[in-house]
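Colleague:
Residue numbers (our numbering): 260 to 522.
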C-alpha cells in the first residue's frame, strides 16, 4: 500500500502520515493578509498545500481543506489610510485578486475560506477562556498571553527559553509581564476599526485569529497545519500555545494539530 511521508516540523523529522480518522482528513493553512497583491510566498504556500490536498484526496474518501483570509490587521489599517480606501473595500478587492491569481496557477479554492472579521465573537470567547484558565491577563486595555503559563512553548520552533524572550534587550511594552508575551486583543482608537468586548473597544491580535477559525471549521485536533516556514515562529508557536491552553490545558502540541507542514 502507498505510504505518504511528510517532514513534520514538530520534531523536525520525516515520518509516515497516519491520520487521526482515515475517513476524514482535516487540513488548515494560514492564508494571506489581504492588503496588497499576493507575493511569491503566498503563491508557494497555496501551490504546495493544493498539491498535498490533491494527493490526500487520492488516498482517503474525504478531505476538508481550510485556508483563512486575514482581513483585519495593522498592515491593512495602514494600507487603507495610505491608499485612502475603506478597509472593507480594500480587503474585498485584494481577496478577489488573490483568488483569481491562485486560480490562474491552477490552485483549487479551499473547501472553506473563512474571513477573520466573521469570527470576532468566537475570538472574544476564546480569549475569555484563556483568561479563565490563567493563561492570559488584562493590562491597560490589552489582553496578553502569558508564555510562561505554557510549559511546552518552544517545542515547534526548537527555541530555548532565552530565545523565546527575544526583544528583552529593547524596550518592552509596559503592559507586558514578560518580553515574549503576545497580544490577544488590543484597543482601537476612534479612527481604527474595532469591536466591543469585555476589555473595551478593540480588535484581535493576529495569532488568535487562526486558532479560532481552525477550531470553528475543523475542531481539534486536526491532521495537518500548513504554512510558510517564516510562520513557524512566532505565529505557529503562539497558535499552539493559546489553542492547547484553551482547548485542553497543558496538553502537547499534537492536541492542536498532529503534523506541521511548512514550505
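Note that CB positions come from ideal geometry on N, CA and C, so glycine has one too.
(1) Return the first residue and the last residue of the alpha helix (DSSP H) that residue 488 is part of.
(2) I need the DSSP call for residue 448, collapsed to helix, strand or coil.
(3) Taking only three categories from DSSP, how would you classify residue 352?
(4) For residue 320, which residues of its own chain have a beta-carbon under 7 Å away from its beta-carbon, when the five flanking residues on both sides are left out?
(5) May I ask you to report which of helix, strand or coil DSSP gives residue 519?
(6) How should residue 353 be labelled, buried or exposed, when 16 other C-beta atoms within 10 angstroms of its C-beta is the threshold for buried?
(7) With DSSP as the reference, label residue 512 as helix, strand or coil.
(8) Within 10 angstroms of its Cβ, does residue 366 collect 16 or more other Cβ (buried), or is it exposed?
(9) Does DSSP put residue 284 in a helix, a strand or coil?
(10) Could you check which residue in 358, 404, 349 has the C-alpha nearest to that of residue 388?
(11) Are the region 260-275 and the region 442-452 touching, with three or more C-beta to C-beta distances below 8 Å?
(12) Measure the beta-carbon distance from residue 287 to residue 473 and round it to whole angstroms, keeping in mind my assumption that it falls under 8 Å.
(13) To the nearest angstrom, how far is the alpha carbon of residue 395 from that of residue 361?
(14) Below 7 Å between beta carbons: does that hold for residue 410 and residue 357?
(15) Tell me which residue opens and which closes the alpha helix (DSSP H) that residue 305 is part of.
(16) Do the region 313-331 and the region 491-508 touch if we need at least three Cβ pairs shorter than 8 Å?
(17) Helix, strand or coil for residue 360 per DSSP?
Modeller: Quick look at the numbers:
(1) Per DSSP, residue 488 belongs to no alpha helix (DSSP H) and is neither H nor E.
(2) Per DSSP, reduced to three states, the secondary structure at residue 448 is coil, with no helix or strand assignment.
(3) Assigned with DSSP and collapsed to three states, residue 352 falls in helix.
(4) Counting only Cβ-Cβ distances below 7 Å, and skipping sequence neighbours, we find 282.
(5) Reduced to three states, the DSSP call for residue 519 is strand.
(6) Its Cβ being crowded by 16 or more others within 10 Å, residue 353 is buried.
(7) Helix.
(8) It counts as buried.
(9) The answer is strand: DSSP assigns residue 284 an E or B state.
(10) For the options 358, 404, 349, the alpha carbon positioned closest to that of residue 388 is the one of 404.
(11) Counting C-beta pairs closer than 8 Å gives fewer than three between the region 260-275 and the region 442-452, which falls short of the contact rule.
(12) That belief holds up - the Cβ atoms of residue 287 and residue 473 are roughly 4 Å apart, short of 8 Å.
(13) Between residue 395 and residue 361, the alpha-carbon positions lie close to 37 Å from each other.
(14) Contact flag unset, no.
(15) 299-318 is the span of the alpha helix (DSSP H), which, as asked, contains residue 305.
(16) Contact between the region 313-331 and the region 491-508 is absent, because fewer than three Cβ pairs lie under 8 Å.
(17) Residue 360 sits in a helix when the DSSP states are folded into three classes.
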